[in-house]
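Residue numbering for the sequence shown follows my numbering, starting at 1 and increasing by one per position. In this text, a Cβ means the ideal position worked out from N, Cα and C, and glycines have one as well. Worksheet: the structure to be examined is printed underneath.
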Amino acid sequence: VEASIPEPQREAWTKHQASGFKDKDGFEQEVVRHVETTLARSMFNCDEQAAYAACSLAFRDRLVLEWNRTQQRQTFADSKRVYYLSLEFLMGRALDNAMLNIGQKDLAKSGLADLGFRIEDVIEQEHDAALGNGGLGRLAACFLDSLASLNYPAWGYGLRYRYGIFKQEIIDGYQVEVPDYWLDFNPWEFPRHDVTVDIQFYGHVQKSTDASGKSIAHWEGGEVVKAVAYDVPIPGYATPSTNNLRLWSSKASGGEFDFQKFNSGDYESSVADQQRAETISAVLYPNDNLERGKELRLKQQYFWVAASLYDIVRRFKKSKRPWREFPEQVAIQLNDTHPTLAVVELQRILIDLEGLEWDEAWNIVTNTFGYTNHTVLPEALEKWSVGLIQHLLPRHLQIIYDINLFFLQTVERQFPNDREILRRVSIIEESQPKMVRMAFLAIVGSHKVNGVAELHSDLIKTTIFKDFVEIFGPDKFTNVTNGITPRRWLHQANPRLSDLIASKTGGYDFLTDLTKLNQVENFVNDKAFRKEWAEIKYANKVRLAKHIKESAGVEVNPSSLFDVQVKRIHEYKRQQLNIFGVIHRYLTLKNMSPEERKKQLPRVTIFGGKAAPGYWMAKQIIHLVNAVGNVVNNDKDIGDLLKVVFLEDYNVSKAEIIVPASDISEHISTAGTEASGTSNMKFVLNGGLIIGTCDGANIEITREIGENNIFLFGNLAEDVEDLRHSHTYGSHNIDPDLAKVFEAIEKGMFGSQQDFAGMITAVRDHGDYYLVSDDFHSYIETHALVDEAYRNQEEWITKCITSVSRMGFFSSDRCINEYAEEIWNIEPLRVEKASDGTGKG
Ligand code: GL2
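Structure representation (structure tokens):
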């Protein structure tokens, strides 16, 4: 309030209000001004990097104005807000997205051309914001786009890692990790040095009693680290709404360094304190679907959660409402269990700092939080040792024990003579050492729990959370099938396809209501439409072929069938099944006569994805893919019939090139392991077909597009357990075709067989947990069907067009509306569209 300009001086402000560029001339003027003043360069010294910087700043200026207005509008409306807490936001590039969402890309293109630049080259300069590992982080980014586009009052909260996910280099066929320092020049963030929160760690708890005899806990001592806010504007598409993503950065609380220590000659330790504080937000943990219980990770989680809650509570307190109205003003979504400490922290704030009674506080807490589960994999379910929490967050551990006590008391009343259920559902696992089960804490602390695809939501209710469905009733558990933003994953990644669809459906309305894609089906027999459709796919393949040549040095023929598997490398995602299949294809081709070979369909198999640095088997898979590529791609007998490519450093901006160029993509996880998958949606939306298992969202995609338009194979989730059991206790015969593949590897066809022994023994000798052998035959047969189908190009194109037209369900807009209605109970804010039709004022 003190920072507000007094009434009499406001006229001057209104008169000089900034506005940002209005037209192409204005845009060019802004670019030149930023080059010449902000960057202190000139037309004699302006490379593409400088053009990118100036162009971004010109757009940023426009964005910021709408961002301020949106925040004012939301504050004024004083309606309920949703806060999305996620340790990962895999945003990718911002400039292209900002230009498209503002609706000024064409203007920028021609403006940049006037100034001597190609817009594509300028866009290419931007470093991806890669603050995430894979699907979970990208989902959070799609959600932010939808929340803003649908005018929901929403904030994202995350960590501002100095290093995002590592850059992957492939050297001699092996993955090498290189740090991703992405903050050299980042025009999309605004440091808020005035928005800071002191975060406490360690120390001890003192109890005292107040006048009424009530016991009060005081968390004292320990160390304090400062959280500094960095804000990132998130523009909505075709609306002025621009939401905020707030990322916290850690800093030593004493300022630069401890001067006393410095002056007394203890320079090293004064710097060490500072560095220790900054380490908290230094680096993203590079594990996908794996938790490892490291202290620094727990510190990250509490640091981020405590800063975010302080911020949220501060905002609520300004409204002077009574505490019981908190859940009517605030919804907080826990993106996986990573932010679960927020449940405990809010309870702590309410009882220790605000003086509420336990029950009243707990009622507020549970009505505020919702929890999204993203995996059933046991190795990904977070547990923290009681000792570690005790050490780092002593007061929180006490509260966790109390939460557990009260919870178990209600369970005991419900199931009076069942000791077993108490043991099973206890938030504290009575193991050595004792562990806190974060998923259970998240369930107990939330009013809704959701899975991310139908099968997944059913599985969590019948397996890992079964007891909780009994305890809380089935209504607490729900499904919200994931979605993707069509702005980035169609309009931005595949502009020609987007334009073609717009030309047939009467404009770009499908980008805000994806169900409108169904009109595309009316043109499935339209010759000119089909021809253009095929041309666009081909052009996208040419673009990818060029990228493959530049990055992997492999020449591929764009007329081949492009078969793509890009995602994190993980045994459950079964890239090993894919590469074994490729070897099988190679052996088959080698055994053919030259005449027979001539009849075969040329294929390019493309892999991409990072392995967690400590994931030995995943690295072995990458190595085998590269080793196979080395042999196959140089085999004169084979020529164009088979090429195997590993694309290094798969990330969001590369996905934007790869996804539109795929003919068939692989989503082949062992049934019941992939919670949803979201790239499956992206590929189909871009006119590619899928080969996949009955897993995750593949099932719903099949329901929507029809089973004739997808290549499903493999065992079903319901049979997985029995098969695993039979591997261990029955006889386990390896599929004969797979045995031949193993034989070829073991004969050294792809280099030293020892390098790949782990992948073979996992299947042959260690129980084949992921059912590679069980599904191999079905996989190979289904690929034969893919070849056959692709030969009939007319049929193929019909499948592609039909599929795209039926993908409307998979927009993240639908998904966000479901969360808003079923979980958050929030409404969008009414916003006037601008008169220029851009949606931006
Ligand atoms: C994941 C799931 O593995 C993936 O199937 C799902 O699509 C996404 C988003 O819901 O979440 N869970 C997880 O831990 N990671 C995922 O990508 N990393």
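Rounded straight-line distance, which links the Cα of F407 to that of S215: 21 Å
Proximal residues to V1 (C-beta, below 8 Å), its chain only, five neighbours per side dropped: Note that V1 scores 47 on pLDDT, short of 50, meaning its location in the model is unreliable and no value can be drawn from it.
Where the beta strand (DSSP E) through I606 begins and ends: R603 to G608
Cβ-Cβ distance between V343 and F369 below 7 Å: yes
Those residues which DSSP pairs with F646 across a bridge: F607
Start-to-end residues for the alpha helix (DSSP H) that takes in S149: G135 to S149
Cα-Cα separation, A762 to S551: 32 Å
Euclidean distance between Cα positions of I734 and L284: 40 Å
Pair within 7 Å by beta-carbon distance, L511 and H491: yes
Any non-hydrogen atom of ligand 1 closer than 6 Å to H766 Cβ: no
Cβ neighbour criterion (16 or more within 10 Å) applied to K567: buried
Residues near T337 by beta carbon distance below 7 Å, same chain, minus five either side: E382, M438, A439 and A442
L500 beta carbon less than 7 Å from that of F532: It is worth fixing the name first, because residue 532 is Glu in this sequence and not Phe. At the C-beta level, E532 and L500 come within 7 Å of one another.
contact_flag[the segment 621 to 635, the segment 654 to 665] where n(CB pairs < 8 Å) is 3 or more: The segment 621 to 635 makes no contact with the segment 654 to 665; the number of CB pairs closer than 8 Å stays below 3.
Assigned secondary structure, V129 (DSSP; H/G/I helix, E/B strand, else coil): According to the sequence shown, residue 129 is Ala rather than Val. Strand at A129.
Option nearest D145 by Cα separation, candidates N825, N817 and C694: Checked all of N825, N817 and C694; the closest Cα to D145 is N817.
6 Å CB neighbourhood of K504 in its chain, flanking five on each side removed: F523
Chain-order list of residues whose beta-carbon lies under 7 Å from that of Q206 (same chain, five-residue window excluded): H218 and E220
Where the alpha helix (DSSP H) containing P191 begins and where it ends: First-last for P191: F190 to F201, but that is the beta strand (DSSP E), not the alpha helix (DSSP H).
Expected contact under 8 Å - CB spacing of N494 and N651 to nearest Å: That belief does not hold up - the Cβ atoms of N494 and N651 are roughly 18 Å apart, past 8 Å.
F303 beta carbon less than 7 Å from that of I364: no
Of the residues K15, A51 and W13, the one placed nearest E28, counting alpha carbons only: A51
DSSP three-state assignment for M807, whether helix, strand or coil: coil
Cβ-Cβ distance between A627 and G173 below 7 Å: A Cβ-Cβ contact shorter than 7 Å links A627 with G173.
DSSP three-state assignment for R93, whether helix, strand or coil: coil
Collapsed DSSP secondary structure at S669 in the structure displayed: coil
C-alpha distance - G116 paired with R315, whole-angstrom precision: Near 47 Å, if we compare the C-alpha coordinates of R315 and G116.
Reference N591, options L601, M617 and I638, closest by Cα: I638
Beta-carbon separation (whole angstroms), N287 vs W155, contact threshold 8 Å: Not quite, the Cβ-Cβ distance comes to about 26 Å (not below 8 Å), so this is no contact.
S803 versus A108, E648, R764 and I664, residue with shortest Cα-Cα distance: I664
Pairwise C-alpha distance: Y181 and N825: 39 Å
CA-to-CA distance, F562 to S679, given in whole angstroms: If I take the Cα positions, the gap works out to 16 Å.
Alpha-carbon spacing of I427 relative to N417, whole angstroms: 19 Å
Opening and closing residue of the alpha helix (DSSP H) in which K299 lies: E295 to K318
Inter-residue Cα distance where the pair is T838 and Y508: Residue confidence is low: T838 scores 47 on pLDDT, short of 50, so the model does not pin down where it sits. No coordinate-derived value is stated.
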